[in-house]
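Engineer: All the letters of the sequence shown, read from the start, carry residue numbers 1 to 105 under full-length UniProt numbering.
Where a beta carbon is used, it is the ideal one built from N, C-alpha and C, also for glycine.
Before I ask anything, let me first share the structure, which is written out below as structure tokens.
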Amino acid sequence: MKEKDKSIQKEREKKVLATRTISSKGQVVIPAEVRRLLNIEPGDQVIFSLNDFGEIVMRAKKREKLSDLIGILPAKKRVDGDFEVIRKKARRIMAVRKHALREDE
Numbered sequence: 001m002k003e004k005d006k007s008i009q010k011e012r013e014k015k016v017l018a019t020r021t022i023s024s025k026g027q028v029v030i031p032a033e034v035r036r037l038l039n040i041e042p043g044d045q046v047i048f049s050l051n052d053f054g055e056i057v058m059r060a061k062k063r064e065k066l067s068d069l070i071g072i073l074p075a076k077k078r079v080d081g082d083f084e085v086i087r088k089k090a091r092r093i094m095a096v097r098k099h100a101l102r103e104d105e
């Protein structure tokens, strides 16, 4: 290995944060430190890509929250009332529908 290649390899090895073992199902637990650095939360996706050096790069794709989309589209009509009450009612309706779907399985 050339000196320059050794130098690059040593520089890359400095950035190793953790080592994990792959389970028999091919699963790996992402270490807490890595989750904190990438701001990964339950429900987020993790994207694996291959860079020009043949290394796997992992990055987080944040899930979009419905609340982030509020105000994007103009309202067809004005809604009067307490939005928290409306949200609670909508959650109850969704829970009933979800429960009904489970019973159908």
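Buried or exposed for Ile70, please, with buried defined as at least 16 other CB atoms from any protein chain shown within 10 angstroms of its CB.
Structural biologist: Label assigned to Ile70: exposed.
Engineer: Might you give, ordered along the chain, the residues of its own chain that have their beta carbon closer than 8 Å to the beta carbon of Ile40, omitting 5 neighbours on each side?
Structural biologist: Closer than 8 Å at Cβ, skipping near neighbours: Ile30, Val34, Val46 and Ala60.
Engineer: Is the beta carbon of Asp44 less than 8 Å from the beta carbon of Arg63?
Structural biologist: Cβ atoms of Asp44 and Arg63: closer than 8 Å.
Engineer: Find out if the Cβ-Cβ distance for the pair Val57, Ser49 is shorter than 8 Å.
Structural biologist: Yes, they are a contact pair.
Engineer: Work out the CA separation of Val28 and Thr21 for me, nearest whole Å.
Structural biologist: So the two alpha carbons sit approximately 7 Å from each other.
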